[in-house]
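There are 2 protein chains.
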Amino acid sequence: METKAITEILNNNDIKPSYARIQIYKYLEMYKSHPTVDEIYLHLIDEIPTLSKTTVYNTLNLFSERELVLVLNLDNLEKRYELVEQNHIHFICESCKKIYDIPYEDNNLLPKGFENFQIEEKHIFLKGQCPKCSKLN
Amino acid sequence: METKAITEILNNNDIKPSYARIQIYKYLEMYKSHPTVDEIYLHLIDEIPTLSKTTVYNTLNLFSERELVLVLNLDNLEKRYELVEQNHIHFICESCKKIYDIPYEDNNLLPKGFENFQIEEKHIFLKGQCPKCSKLN
DNA sequence: ATCAAAAGTGTTATGATTACAAATCTAATT
DNA sequence: AATTAGATTTGTAATCATAACACTTTTGAT
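Residue numbers (the numbering used here), protein chains in the order written: chain A, 1 to 137; chain B, 1001 to 1137.
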């Protein structure tokens, strides 16, 4: 995605499109790799030598407040971040640790008697063996 | 649940039924409140004045390895623990922070083309407004 | 009663995240 | 072009959950 398009998205969400913010958004958009703060920081530090890890935290928290970004607590070691896009669920392979995005068909998760729970966020993640790793075992 | 029954469960899972372990199991069984390590520790310290928080960590990790206990990473502040029982999903109210257990009808989560992902654990949690809190707003 | 293995304890270390204050940048106004 | 207030970024220090580790206590078999 071009800088111009990202600038527009940020502006639309009342976020001043600073260079750091654009680059962080661009990273999320390019790699779609559910990165940690550290991964983003290490990737951008070459391009932005003055970058501070605090800025990465601040930016991701801001993006999350504005609902541009979803925070994933998959392993409870480090938070992971992804752009809010179409609904999907996450599958973590316990062998190779790879995180897969799996399309999600929007089933109705609430059974009878629970209809007046108002859902604002759905998090579904599965742990197991991915096809590659289950072949090996 | 009686001490005797818990002793048996632990024995069946090759866990020596020490007093601390039994009490921690009993707490999980009685309250079903998705407690944190701290909550368990603070509740048991009256009964077991020598209890160490490390013991609570060790015990819960052991229970988790033996698949007696499920670790929940709901908010990524503190881990929460619950006994492995029948399938259910979690709903966290963003207003009152209460965690609800909601029965879960075992839909098939994997769409076509993803059948060879082997699921070992399912985690589904929803965030939103519980019935009480959505009435108030 | 002895003794090795298991369990528990308490202190210290680790590592992700936040708080905070200072520095820098931005953009509007003169 | 200079000024300046406000936003952004930075770097350090603090926080807090969890793990590592070494020591002590308990257990259970001989």
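Beta carbons: idealized from backbone N, C-alpha and C, even for Gly.
Proximity test, Cβ basis, 7 Å: residue 97 (chain A) and chain B: Reading the first sequence from its first residue, position 97 is the one you call residue 97 (chain A). No, no contact with chain B.
Beta carbon proximity, residue 131 (chain A) to chain B, threshold 7 Å: Numbered from its first residue, the first sequence carries residue 131 (chain A) at position 131. Yes, residue 131 (chain A) counts as interfacial toward chain B.
Beta carbon of residue 24 (chain A) nearer than 7 Å to that of residue 59 (chain A): In the first sequence, counting from the first residue as 1, residue 24 (chain A) sits at position 24. In the first sequence, counting from the first residue as 1, residue 59 (chain A) sits at position 59. For residue 24 (chain A) and residue 59 (chain A), yes; Cβs fall inside 7 Å.
Residue-level contact to chain A via CB, residue 1002 (chain B), 7 Å cutoff: Walking along the second sequence from the start, residue 1002 (chain B) turns up at place 2. Not an interface residue.
Top-ranked residue by Cα proximity to residue 112 (chain A), from B:1077, B:1102, B:1137: The residue given as residue 112 (chain A) occupies position 112 in the first sequence. It is B:1102.
Neighbour flag for residue 67 (chain A) against chain B, beta carbons, 7 Å: Taking the first sequence and counting its residues from 1, one reaches residue 67 (chain A) at position 67. The beta carbon of residue 67 (chain A) does not come within 7 Å of any beta carbon belonging to chain B, so the residue lies off that interface.
Residue environment, residue 1016 (chain B), which counts as buried when at least 16 other CB atoms sit within 10 Å: Indexing the second sequence from 1 puts residue 1016 (chain B) at position 16. Residue 1016 (chain B) is classed as exposed because its beta carbon has fewer than 16 other beta carbons within 10 Å across all chains shown.
Touching by the beta-carbon criterion (3+ pairs, under 8 Å), the segment 92-100 of chain A and the segment 118-136 of chain A: They touch, by the three-pair rule.
Assigned exposure category for residue 1137 (chain B) - 16 Cβ within 10 Å defines buried: Here residue 1137 (chain B) refers to the residue found at position 137 when the second sequence is read from its first residue. When all chains shown are included, residue 1137 (chain B) counts as exposed.
Cβ contact check for the segment 1068-1082 of chain B and the segment 1035-1048 of chain B: 3 or more pairs under 8 Å: A contact exists between the segment 1068-1082 of chain B and the segment 1035-1048 of chain B.
Beta-carbon gap between residue 1104 (chain B) and residue 1087 (chain B) smaller than 7 Å: Working through the second sequence from its first residue, we reach residue 1104 (chain B) at position 104. Working through the second sequence from its first residue, we reach residue 1087 (chain B) at position 87. Between residue 1104 (chain B) and residue 1087 (chain B), the gap from beta carbon to beta carbon is short of 7 Å.
Whole-angstrom distance between residue 64 (chain A) and residue 70 (chain A), CA atom to CA atom: Position 70 of the first sequence, counted from the start, is the residue given in the question as residue 70 (chain A). Position 64 of the first sequence, counted from the start, is the residue given in the question as residue 64 (chain A). Roughly 6 Å separates the two Cα atoms.
Rounded straight-line distance, which links the Cα of residue 57 (chain A) to that of residue 72 (chain A): Here the question's residue 72 (chain A) lines up with position 72 in the first sequence. Here the question's residue 57 (chain A) lines up with position 57 in the first sequence. Those two C-alpha atoms are separated by around 14 Å.
Minimum Cβ-Cβ distance from residue 1083 (chain B) to chain A less than 7 Å: The residue labelled residue 1083 (chain B) in the question sits at position 83 within the second sequence. Answer no: the Cβ-Cβ gap between residue 1083 (chain B) and chain A never drops below 7 Å.
Beta bridge counterpart(s) of residue 19 (chain A) as assigned by DSSP: Your numbering for residue 19 (chain A) matches position 19 in the first sequence. According to DSSP, residue 19 (chain A) bridges with nothing at all.
Where residue 93 (chain A) falls: helix, strand or coil (DSSP): Here residue 93 (chain A) refers to the residue found at position 93 when the first sequence is read from its first residue. The answer is strand: DSSP assigns residue 93 (chain A) an E or B state.
Three-state secondary structure assigned by DSSP to residue 37 (chain A): On the first sequence, residue 37 (chain A) is found 37 positions in, with the first residue counted as 1. Three-state result, residue 37 (chain A): helix.
Whole-angstrom C-beta distance between residue 68 (chain A) and residue 83 (chain A), which should lie under 8 Å: Here residue 83 (chain A) refers to the residue found at position 83 when the first sequence is read from its first residue. Here residue 68 (chain A) refers to the residue found at position 68 when the first sequence is read from its first residue. Yes, they are in contact, since the Cβ atoms of residue 83 (chain A) and residue 68 (chain A) sit about 7 Å apart, within 8 Å.
Test item: CB-CB of residue 1118 (chain B) and residue 134 (chain A) under 7 Å: In the second sequence, counting from the first residue as 1, residue 1118 (chain B) sits at position 118. In the first sequence, counting from the first residue as 1, residue 134 (chain A) sits at position 134. In contact: residue 1118 (chain B) and residue 134 (chain A) (Cβ atoms closer than 7 Å).
Alpha carbon of residue 1018 (chain B) to alpha carbon of residue 1123 (chain B), nearest angstrom: Here residue 1018 (chain B) is taken as the residue at index 18 of the second sequence, counted from 1. Here residue 1123 (chain B) is taken as the residue at index 123 of the second sequence, counted from 1. So the two alpha carbons sit approximately 30 Å from each other.
C-beta contact flag for residue 107 (chain A) and residue 1107 (chain B) at 7 Å: Numbered from 1 along the first sequence, position 107 holds the residue referred to as residue 107 (chain A). Numbered from 1 along the second sequence, position 107 holds the residue referred to as residue 1107 (chain B). Cβ distance < 7 Å, so residue 107 (chain A) and residue 1107 (chain B) count as in contact.
CA-to-CA distance, residue 1 (chain A) to residue 89 (chain A), given in whole angstroms: Here residue 89 (chain A) corresponds to residue number 89 of the first sequence, with the count starting at 1. Here residue 1 (chain A) corresponds to residue number 1 of the first sequence, with the count starting at 1. Looking at the two C-alpha atoms, the distance is approximately 24 Å.
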